[in-house]
Amino acid sequence: MYNHPIMEAKHRIAFGGGCHWCTEAVYKSLKGIISVEQGFVAPEGEESSFSEAVIAHYDPKVISLEDLILVHLYTHKSTSDHGMRKKYRSAIYTFETVDVKRSTGALKEFQKNFKDPLVTKVLPFRKFKISDKAFQNYYFKNPYKPFCQTHIVPKLDLLMLKFADKVDHNKVVLGQ
């Protein structure tokens, strides 16, 4: 089988934590992201129910797994074990065994950036259900809707403030 250079550079990791419209907008705004699939992820093991998440396909030569994890921790309530955690599980879903160790190590390393303990878990990916087409790419189709202005724009503002060097400035549309 022919291996195309783009396919060789493509890695994937999934993130859940808040509304998948928000998470999708955050990851689609980053350099090195090839594509983002928005939907619901079910992990292996005890917590096998579906919750909102995205799968980020990325080029590790442009953005590292650790950078993607740090962005994730800052752009959702990664230290809050609130009542909506079943729907919005704070998680890093891994596809490769090597990413379990890297993700766990990153969480331990990044804990020092947060006052409260991180509730984000590293879980093995099991299954994905894509969102209805009408809800995919939600922010970029509707940047000025009240939901986007209230919930997504503040995350993108934070992204620009803390991770400006990782942001693809041609993709970000900030509300006024």
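Just so we're aligned, residue 3 is where the sequence shown starts under my numbering, counting upward by one.
Backbone N, C-alpha and C define an ideal beta-carbon position, used for all residues, glycine too.
Distance CB(residue i)-CB(residue j) smaller than 7 Å
{"i": "Y29", "j": "I36", "result": "no"}
{"i": "S62", "j": "H22", "result": "Sequence inspection shows Pro at residue 62; the Ser mentioned does not correspond to that position. Against a cut-off of 7 Å, the Cβ pair of H22 and P62 comes out as no contact."}
{"i": "D69", "j": "V121", "result": "no"}
{"i": "C201", "j": "K157", "result": "The chain is shown from 3 up to 178; residue 201 falls before or after that span and cannot be answered."}
{"i": "T81", "j": "F116", "result": "yes"}
{"i": "G18", "j": "S53", "result": "yes"}
{"i": "V73", "j": "V102", "result": "no"}
{"i": "K164", "j": "Y76", "result": "yes"}
Residue i, DSSP secondary structure in three states
{"i": "T106", "result": "helix"}
{"i": "H78", "result": "coil"}
{"i": "P45", "result": "strand"}
{"i": "Q138", "result": "coil"}
{"i": "T96", "result": "strand"}
{"i": "F38", "result": "Strictly speaking, residue 38 in this sequence is Val, with Phe absent from that position. Strand."}
{"i": "V64", "result": "coil"}
{"i": "N5", "result": "Since pLDDT at N5 reaches only 42, below the 50 mark, its modelled position is unreliable, and the value read off the structure follows with that caveat. Three-state DSSP puts N5 in coil, outside helix and strand."}
{"i": "K168", "result": "helix"}
{"i": "F127", "result": "strand"}
{"i": "M84", "result": "It should be noted that the sequence gives His, not Met, for residue 84. Here H84 sits in coil by DSSP."}
{"i": "F52", "result": "coil"}
{"i": "F112", "result": "helix"}
Same chain, Cβ closer than 7 Å to residue i, five either side skipped, listed in chain order
{"i": "K173", "result": "K30, S31"}
{"i": "S50", "result": "A44, R128"}
Expected contact under 8 Å - CB spacing of residue i and residue j to nearest Å
{"i": "F127", "j": "F97", "result": "5 Å"}
{"i": "V56", "j": "A16", "result": "7 Å"}
{"i": "K79", "j": "G20", "result": "7 Å"}
Neighbourhood of residue i by C-beta distance below 6 Å, restricted to the same chain and skipping five residues each side
{"i": "I154", "result": "C24, A27, Y141"}
{"i": "Q138", "result": "Q40"}
Neighbourhood of residue i by C-beta distance below 8 Å, restricted to the same chain and skipping five residues each side
{"i": "K2", "result": "Summary: the structure shown does not reach residue 2, with the chain confined to residues 3 through 178, and so no result is reported for it."}
{"i": "R104", "result": "L67, E68"}
{"i": "P119", "result": "T81, Q113"}
{"i": "M9", "result": "Residue placement at M9 is flagged as unreliable, the pLDDT there being 48, under the threshold of 50; the coordinate-derived value follows with that caveat. Around M9: no qualifying Cβ."}
Closer than 6 Å: residue i CB and nearest the ligand ADP heavy atom
{"i": "T25", "result": "Only the bare structure without any ligand can be found here, which leaves the ligand ADP out of the picture."}
Checklist line | Contact the segment 45–59 vs the segment 88–98: 3+ CB pairs below 8 Å | finding: Three or more pairs of CB atoms, one per stretch, sit closer than 8 Å, so the segment 45–59 contacts the segment 88–98.
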